[in-house]
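The structure appears right after this line, and notes come after that.
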Amino acid sequence: MIMKPRKIPMRQCLGCNEMMPKKELIRVVKSPEGEISLDLTGKKNGRGAYICRSTECYDKARKSRRFEKAFSCRIDESVYEVMADELRNAEEA
């Protein structure tokens, strides 16, 4: 019996609009309580949106308010700052 190759889940980056394997992207999640944060494990509960592992794509998505469109809510500047810090730390690691 021949095994079928596994299908790789693809997601679109909010920054560059490129389709990439889900594992290569960072998930941004809006929890059921309405809290928005980076989800580096990909296992948090809530609505997810994806961005590349680069601050460039993050800045592009932030500037064009793509996170706010994806989660259909206003996002506070302080939330963006925390996410930017987490992303920089993830890039360095």
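Residue 209 is where the sequence shown starts when you use the numbering used here, and the numbers rise one by one after that. Each residue gets a CB set at the ideal place from its N, CA and C atoms; glycine is no exception.
Check: DSSP-derived helix/strand/coil call for residue 295; Outcome: helix
Check: Inter-residue spacing [alpha-carbon to alpha-carbon] between residue 253 and residue 212; Outcome: 30 Å
Check: Close Cβ partners of residue 268 (< 6 Å) along its chain, the five nearest in sequence each way excluded; Outcome: 223
Check: Where residue 267 sits in the DSSP three-state scheme; Outcome: helix
Check: N-terminal and C-terminal residue of the beta strand (DSSP E) that residue 255 is part of; Outcome: 255-259
Check: Nonlocal neighbours in the same chain, by C-beta distance under 8 Å from residue 233, ignoring five residues either side; Outcome: 219, 221, 258, 259, 260, 261
Check: Top-ranked residue by Cα proximity to residue 296, from 282, 279, 246, 227; Outcome: 246
Check: Minimum C-alpha distance to residue 251 - residue among 280, 236, 225; Outcome: 236
Check: Span of the alpha helix (DSSP H) around residue 277; Outcome: 274-279
Check: CA-to-CA distance, residue 231 to residue 292, given in whole angstroms; Outcome: 20 Å
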